[in-house]
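Inspection log for the structure reproduced underneath, given as structure tokens.
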Amino acid sequence: RKEVEQDPGPFNVPEGATVAFNCTYSNSASQSFFWYRQDCRKEPKLLMSVYSSGNEDGRFTAQLNRASQYISLLIRDSKLSDSATYLCVVNEGNDMRFGAGTRLTVKP
Amino acid sequence: EAQVTQNPRYLITVTGKKLTVTCSQNMNHEYMSWYRQDPGLGLRQIYYSMNVEVTDKGDVPEGYKVSRKEKRNFPLILESPSPNQTSLYFCASSFQGYEQYFGPGTRLTVT
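Chains as they are written, first to last, in our numbering: chain A, 7 to 114; chain B, 2 to 112.
Shown next, in the form of structure tokens:
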């Protein structure tokens, strides 16, 4: 079983849609959690950290459920510029574990 | 400007010819790491370093070496590259447990 698993995608949605990505992790001792965004052939960039209480940044909302070892990312009112691959990242102390990523394409 | 730099950005080489990819960060981060990214496999950690002179293997260390003689630099060394090391490589740095900052990537082709 993979340590960090994400929805395989791809997700193809129209502009303005709401889309949700899910991620599960296997190590219950994981300490911190992040969502990164990666554009084609570019480096991953931090989108947002994920806190136990859940957090929101504009159109983006991240949730963490430690009991179920589950992280989610919700994007509201999708824009064309949201098209990218979204990576779920879990910090296990010395190691950062990356999911394989979910590809999102937002279409006009 | 806070950043992670990598050089070269693109490299085409032949099997067996030793090469080094440099990585440098100016954020005083103690933690640095190397990843490779291949289609369908996501980012896989090669080596990481928690501080100067402290390095450890990640998930796919075979065929690679690293060193951490200074806090800001973390070079990746391929002593005898092979075609299966053709990949996109990223260096990253962070404070321990916090978000990582990535370099722009090095696209390596080994023929």
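Just so you know, even glycine gets a beta-carbon here, dropped at the ideal spot from N, CA and C.
Kindly say whether B:Met51, judged by its beta-carbon, lies nearer than 8 Å to any beta-carbon of chain A. yes
Since A:Asp63 sits in a beta bridge, which residues does DSSP pair it with? A:Phe66
Between the CA atoms of A:Ala90 and A:Gly64 - distance to the nearest angstrom: 18 Å
Any beta carbon of chain B sitting closer than 8 Å to that of A:Asp63? no
Taking the C-alpha atoms as reference points, what is the distance between B:Gln99 and A:Ser38? For clarity, residue 99 of chain B is Tyr in the given sequence; the question names Gln instead. Answer to the nearest angstrom: the Cα atoms are 8 Å apart.
Which residue from B:Gly17, B:Ile13 and B:Ala3 puts its Cα closest to that of B:Glu80? B:Gly17
N- and C-terminal bounds of the beta strand (DSSP E) containing B:Thr14: Tyr11 to Thr14
Can you give me, in chain order, the residues of the stretch 67 to 88 of chain B that have a beta carbon less than 9 Å from any beta carbon in chain A? none
Residue-level contact to chain A via CB, B:Leu109, 8 Å cutoff: no
Check whether B:Gln26 and B:Gly106 have beta carbons under 8 Å apart: no
DSSP on B:Gln86, reduced to helix/strand/coil? helix
Helix, strand or coil at B:Asp57 according to DSSP, with G and I counted as helix: strand
Measuring straight from C-alpha to C-alpha, what distance separates A:Ser84 and A:Pro50? 20 Å
Could you check whether the Cβ of B:Glu63 sits closer than 8 Å to any Cβ belonging to chain A? no
Please report whether the beta-carbon of B:Phe91 lies at a distance below 8 Å from any beta-carbon of chain A. yes
Between which two residues does the beta strand (DSSP E) holding B:Tyr32 run? Tyr32 to Asp39
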